[in-house]
Amino acid sequence: MEEGAIIQHDIKKAPKTGNWRYMKPEVDKEKCIGCATCVPFCPEAAIEMKRGQGQKKAKADIDYEYCKGCGVCAEVCPVKAIFMKK
Ligand code: SF4
Ligand code: SF4
């Protein structure tokens, strides 16, 4: 069996993909149930769970400097809380 390693991701060192993004995902915070399903699916690790003021549960928050607009997050969201905009 091959040995593996866990590579720690540091988004600050990642190339910024946001400036060539064609589609932009937007999170409907009312619809988002805070399940975090979208987080591990994002290939750019651009989604964080953040709790806004007065929010009981953390909701998905997208870092647009690193999001490349692939739409995977919108596909995997079980409640369709992410929609893609041009
Ligand atoms: S559109 Fe793609 S890159 Fe952007 S947040 Fe969603 S999964 Fe990540
Ligand atoms: S998958 Fe959908 S409901 Fe779950 S945290 Fe992401 S946006 Fe919210």
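Just so you know, we're using the numbering used here here: the sequence shown kicks off at 180 and counts up by one. Idealized CB from N, CA, C, for every residue including glycine. Owing to the predicted nature of the structure, the values given are computational and were not obtained by experimental measurement.
*Proximal residues to K203 (C-beta, below 8 Å), its chain only, five neighbours per side dropped*: Translated into positions along the sequence shown, residue 203 becomes position 24. Only Y243, C246, G248, M263, K264 and K265 meet the Cβ criterion.
*At a cut-off of 7 Å, is C249 close to ligand 2 when judged by its beta-carbon and the heavy atoms of the ligand?*
The residue given as residue 249 occupies position 70 in the sequence shown. No, ligand 2 has no heavy atom inside 7 Å of this Cβ.
_Selection from E254, K259, D207 and C221 that minimises the alpha carbon distance to H188_ = The sequence position of residue 188 within the sequence shown is 9, counting from 1. Comparing Cα positions, the closest option is C221.
*Rounded separation between V266 and E181 - CA only*: No information on residue 266 is available, as it lies outside the stretch 180 to 265 that the chain covers here.
*Tell me P204's beta-bridge partners as DSSP assigns them.*
Walking along the sequence shown from the start, residue 204 turns up at place 25. Note: P204 sits in a beta bridge opposite M263.
*Would a C-beta distance cut-off of 8 Å place I226 and D240 closer than the cut-off?*
Reading the sequence shown from its first residue, position 47 is the one you call residue 226. Reading the sequence shown from its first residue, position 61 is the one you call residue 240. Against a cut-off of 8 Å, the Cβ pair of D240 and I226 comes out as a contact.
_Which residues does DSSP list as the beta-bridge partners of A239?_
The residue given as residue 239 occupies position 60 in the sequence shown. Within the DSSP bridge table, the entry for A239 names M228 as partners.
*Beta-carbon contacts of G213 that lie in its chain and below 8 Å, excluding the five residues immediately before and after*: Mapped onto the sequence shown, residue 213 falls at position 34. If we look at G213 and ignore the five residues flanking it on each side, its Cβ neighbours are M228, K236, A237, K238 and A239.
*Within this structure, are the beta carbons of I190 and A224 separated by less than 8 Å?*
Numbered from 1 along the sequence shown, position 11 holds the residue referred to as residue 190. Numbered from 1 along the sequence shown, position 45 holds the residue referred to as residue 224. Cβ distance < 8 Å, so I190 and A224 count as in contact.
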